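Q:
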Amino acid sequence: MKIVHAASELFPFVKTGGLADAAAALSQSLARQGNPVAVFLPGYRAVLEHPRVREKARKAITLGIEMDDQFHHGEVLEVGLEKNLTLYLVCRDEFFDRRHPYGVGGRDYEDNGERFLFFAKAVVEALSQLRLKADIVHCHDWQTAMIPLLLRYEERRRSAVLAGRTLLTIHNLAFQGIFPMRLFPLTNLPEELRGMDGLEYYGQINYLKAGILFSDSVTTVSPTYGKEILTPEFGCGLEGVLKTRKEDLFCQVNGIDTGLWNPADDPHLPAAYGPEDLSGKSRCQEKLLKQTGLKPKGKGPVYGMICRFTPQKGLELIRANGGFFAKRDCRLVVLGSGGEEDERWFKELAAAHPGKISVNTGMNEALSHLIEAGADFFLMPSTFEPCGLNQMYSMRYGTVPLVSRVGGLADTVTDIGRDPEEGTGILFPPTAEGLAEGLSRSLDLYADRPAMERAIRNGMSRDLSWDNAAAAYLRHYESLL
Ligand code: ADP
Ligand code: GLC
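Each step along the sequence shown adds one to the number in the working numbering, with nothing skipped, and position 142 is 635.
1) Does the distance from the CB of R801 to the CB of G599 come in under 8 Å?
2) In chain order, which beta strand (DSSP E) runs of at least 3 residues are fully inside the stretch 755–828?
3) What residue range is occupied by the uninterrupted beta strand (DSSP E) comprising H862?
4) With respect to 7 Å, is the separation between the Cβ of H565 and the closest non-hydrogen atom of the ligand GLC below this value?
5) Measuring CB to CB, does L578 end up less than 8 Å from A667?
6) Any heavy atom of the ligand ADP closer than 7 Å to the beta-carbon of N883?
7) Hey, quick one: how far does the beta strand (DSSP E) through F564 stretch, first residue to last?
8) Apart from the five residues on each side of it in sequence, which residues of its chain come closer than 8 Å, Cβ to Cβ, to G786?
9) Helix, strand or coil: how does DSSP classify N528 here?
10) What does a CB cutoff of less than 7 Å around M856 pick up in its chain, not counting 5 residues either side in sequence?
11) Starting from M945 and walking both ways along the alpha helix (DSSP H), at which residues does that stretch end?
12) Opposite M873 in the DSSP bridges: which residues?
13) Look at the alpha carbon of F877 and the alpha carbon of G891, and state the distance between them as a whole number of angstroms.
14) State the CB to CB distance for the pair F743 and T717, rounded to an integer number of angstroms; the pair is presumed to be in contact (CB under 8 Å).
15) With a Cβ-Cβ cutoff of 8 Å, do A1004 and L701 count as a contact?
16) Can you have a look at H664 and say buried or exposed, based on whether 16 or more other CB atoms are within 10 angstroms of its CB?
17) Can you name, in chain order, every residue of its own chain whose Cβ lies under 6 Å from the Cβ of I722, other than the five neighbours on each side?
18) In the DSSP output, what is E559 paired with across the bridge?
19) Starting from D604, trace the alpha helix (DSSP H) in both directions and tell me its first and last residue.
20) Take D750 as the anchor and find which of G691, E684 and H862 has the nearest alpha-carbon.
21) Please confirm whether K576 and K495 have their CB atoms less than 8 Å apart.
22) Can you list, in chain order, the residues of its chain with a C-beta nearer than 6 Å to that of G867? Leave out the 5 residues immediately preceding and following it.
23) Got a sec? Which residues, its chain only, sit under 6 Å from L895 by beta carbon, not counting five neighbours each side?
24) Take F672 and list the residues in its own chain whose beta-carbon comes closer than 7 Å to its own, dropping the five residues that flank it on each side.
25) With a CB to CB cut of under 6 Å and the five nearest residues on each side skipped, what residues in its chain are close to I554?
26) Could you pull the start and end residues of the beta strand (DSSP E) that Q697 belongs to?
27) Straight-line CA distance for L462 to L620?
28) With respect to the beta strand (DSSP E) encompassing F589, which residues constitute its N-terminal and C-terminal limits?
29) Using 8 Å for Cβ pairs, my map puts L825 next to M888. What's the rounded Cβ distance?
30) Would you decide whether E603 is buried or exposed? Buried here means 16 or more other CB atoms lie within 10 Å of its CB.
31) If you reduce the DSSP assignment to three classes, tell me which class A638 lands in.
32) Cutting at 6 Å between CB atoms, please list the residues of its own chain near V572, excluding the five before and the five after it.
33) Output the residue ranges of the alpha helix (DSSP H) runs that lie fully inside the stretch 889–933 and measure 4 residues or longer, sorted by chain position.
34) Under the three-state reduction of DSSP, which class applies to D956: helix, strand or coil?
35) Looking only at its own chain, which residues have a Cβ that is under 7 Å from the Cβ of Y886, when we skip the five neighbours before and after it?
36) Under the criterion of a Cβ to heavy atom distance below 7 Å, does D759 qualify as lining the ligand ADP?
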């Protein structure tokens, strides 16, 4: 089956969060199962500077993209990544020659509406010029959500078939791509699509809404999140639109790339380990504590946390429980980036408790692996979590997840209280009191070594690989054809 993916992030070329990991691992897994896969990505500066791209990129086509009454020029570069897997980079310096994909200093670029509309139109144009004849065009999040509608409209205009079925995966409903109505003419879509039955959303235009309404299939990244987004509490104002697709909403938990995330063979770690012999994990902890300036000895556990600094990740809950990390016999190491206010708060907390709390900012792939390996517990008190990858990375690294009972966290972690034999972690309600109770349970578990080791081994022996998830997507693709 010929498959096209379109995404705004792709590991290892550009990443702000789990979307990059998921898009990369899914496309790779589908390619390795024998399907020709093409992935479209904006040609951001960091991507063009990546050694694999610099070495191999060649120009595939030039673009003249109509936006209202102007034509914007650009080009598509082609990079062969591996057998069956080709990367296409949509380039136009005005839009993508920037360091960050979406904005700087916590503020989005003002022309994101134009940038990702150009990207979506460029993908449609490339499908035509490159004659990819894709059976499936799989789009991810708002940045690519206009593609299904633009594709069908283009087919009508040209009386031609450009691709088979279209899919939109919602990785995070909190980001929708909402822009002023004055951008509507740039779509060159007919006027009838301007209104409520089309792009309009409270007087503005909403790209994600267009994707939900006009793709052949809407999917999301865990069954619990799939139910949550139909409610006002989690639906971010689109629950009504989503309900129109309720019957065919396909929910599939992401996998993880077990090649990149493998404690038995991880170049970022000082020692290898596996479920049979955890001694290497202690060496990873020693290195983590040394590198982050934390006390090497202590009776209590080491908590790790890696996230974008945004309300979704439950930072308010951590703030409310700051006293726990300050007073109890434990250490906390945080790696995060984003929200300046949160960064400041965390840094102040760390400064007030040297040797106990370490806060590291910026994107740091190597440190993220070391935290996964060196911590005893991985903290994810998210207020909502479509899937979440870190709790899966931590189970694979023998680090017990301490997570709120929402979305994909509820679907991937089994509470040791509910199932002492098979449990892999600790779940709690997404509130400050919930986290307090979860933290207190984690101290009890840590003190009970046999129970702790059982949870560690249960997590490490879970099959979290993409193979099953990719096979489920393939079956779903087939059902649409
Ligand atoms: P989300 O996509 O909502 O941010 P996920 O758990 O799905 O959450 O994925 C987050 C991904 O981003 C993980 O691979 C995580 O390790 C990574 N990550 C987040 N912050 C950082 C950081 N500061 N440095 C390195 N990796 C990070
Ligand atoms: C989003 C979600 C996260 C999910 C990731 C990959 O960034 O916030 O929960 O794991 O996408 O699907």
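Just so you know, even glycine gets a beta-carbon here, dropped at the ideal spot from N, CA and C. Note that the structure is predicted; figures quoted are calculated from it, not measured.
A: Reading it off the structure:
1) As a working note, residue 801 is residue 308 in the sequence shown. As a working note, residue 599 is residue 106 in the sequence shown. It is not a contact, given that the beta carbons lie outside the stated cut-off.
2) 795–802
3) Taking the sequence shown and counting its residues from 1, one reaches residue 862 at position 369. Here H862 belongs to no beta strand (DSSP E); instead the alpha helix (DSSP H) covers E858 to G867.
4) Along the sequence shown, read from residue 1 onward, the residue named residue 565 stands at position 72. Because no heavy atom of the ligand GLC lies under 7 Å away, the Cβ of H565 does not count as near it: no.
5) Residue mapping note: residue 578 aligns to position 85 of the sequence shown, counting from 1. Residue mapping note: residue 667 aligns to position 174 of the sequence shown, counting from 1. In this structure, A667 does not lie closer than 8 Å to L578 by Cβ.
6) For the purposes of this step, residue 883 is taken as the residue at position 390 of the sequence shown. Checking the Cβ of N883 against the ligand ADP gives yes.
7) Position 71 of the sequence shown holds residue 564. First-last of the beta strand (DSSP E) with F564: Q563 to E575.
8) Numbered from its first residue, the sequence shown carries residue 786 at position 293. P847, G848 and S851.
9) Against the sequence shown, residue 528 aligns to sequence position 35. Looking at N528 - three-state DSSP - the assignment turns out to be coil, as it is neither helix nor strand.
10) The residue you call residue 856 lines up with position 363 of the sequence shown. Only S830 meet the Cβ criterion.
11) Within the sequence shown, residue 945 is the residue found at index 452, counting from 1. Per DSSP, M945 belongs to the alpha helix (DSSP H) from R942 to M953.
12) Position 380 of the sequence shown, counting from 1, holds the residue named residue 873. According to DSSP, which records beta bridges pairwise, M873 is partnered with V896.
13) Start at 1 with the first residue of the sequence shown, and residue 877 comes out as number 384. Start at 1 with the first residue of the sequence shown, and residue 891 comes out as number 398. In a straight line, the C-alpha of F877 is about 24 Å away from that of G891.
14) Indexing the sequence shown from 1 puts residue 743 at position 250. Indexing the sequence shown from 1 puts residue 717 at position 224. F743 to T717, Cβ: 14 Å. No contact.
15) This structure cannot settle anything about residue 1004, because the visible part of the chain is limited to 494 through 974.
16) The residue given as residue 664 occupies position 171 in the sequence shown. Burial call: buried.
17) Here the question's residue 722 lines up with position 229 in the sequence shown. The answer, listed in chain order, is L666, G728 and L735.
18) Start at 1 with the first residue of the sequence shown, and residue 559 comes out as number 66. Note: E559 sits in a beta bridge opposite F564.
19) Residue 604 sits at position 111 when you count from the first residue of the sequence shown. Taken as a continuous stretch (DSSP letters only), D604 belongs to no alpha helix (DSSP H), as it is neither H nor E.
20) Residue mapping note: residue 750 aligns to position 257 of the sequence shown, counting from 1. Comparing Cα-Cα distances from D750 to each of G691, E684 and H862, the minimum goes to H862.
21) By one-based count along the sequence shown, residue 576 stands at place 83. By one-based count along the sequence shown, residue 495 stands at place 2. Cβ atoms of K576 and K495: not closer than 8 Å.
22) To locate residue 867, count along the sequence shown from 1; it is residue 374. Excluding residues within five positions, the ones whose Cβ falls inside 6 Å are C777, Q778 and L781.
23) Taking the sequence shown and counting its residues from 1, one reaches residue 895 at position 402. Excluding residues within five positions, the ones whose Cβ falls inside 6 Å are F870, L872, I919, G931 and S935.
24) As a working note, residue 672 is residue 179 in the sequence shown. Contacts found: G606, Q697 and I698.
25) On the sequence shown, residue 554 is found 61 positions in, with the first residue counted as 1. So the qualifying residues of the chain are V569 and Q622.
26) Your numbering for residue 697 matches position 204 in the sequence shown. Start and end: Q697 to N699.
27) Outside the shown range of the chain (494 to 974) lies residue 462, about which nothing can therefore be said.
28) Position 96 of the sequence shown holds residue 589. That residue, F589, is in no beta strand (DSSP E); its alpha helix (DSSP H) goes D586 to F589.
29) One-based indexing of the sequence shown puts residue 825 at position 332. One-based indexing of the sequence shown puts residue 888 at position 395. With 8 Å as the limit, L825 and M888 do not qualify as a contact, their Cβ atoms being about 20 Å apart.
30) As a first step, residue 603 is located in the sequence shown; it is residue number 110 there, counting from the start. Classification for E603: exposed.
31) Taking the first residue of the sequence shown as 1, we reach residue 638 at position 145. Here A638 sits in coil by DSSP.
32) Stepping through the sequence shown from its first residue, residue 572 is reached at position 79. These residues qualify, in order along the chain: V546, K549, A550 and L580.
33) 900–905
34) Residue numbering aside, residue 956 sits at position 463 when the sequence shown is read from its first letter. DSSP places D956 in coil when its eight states are reduced to three.
35) For this step, residue 886 is matched to residue 393 along the sequence shown. If we look at Y886 and ignore the five residues flanking it on each side, its Cβ neighbours are I749, W754 and E865.
36) Position 266 of the sequence shown, counted from the first residue, corresponds to residue 759. Flag unset: Cβ of D759 not near the ligand ADP.
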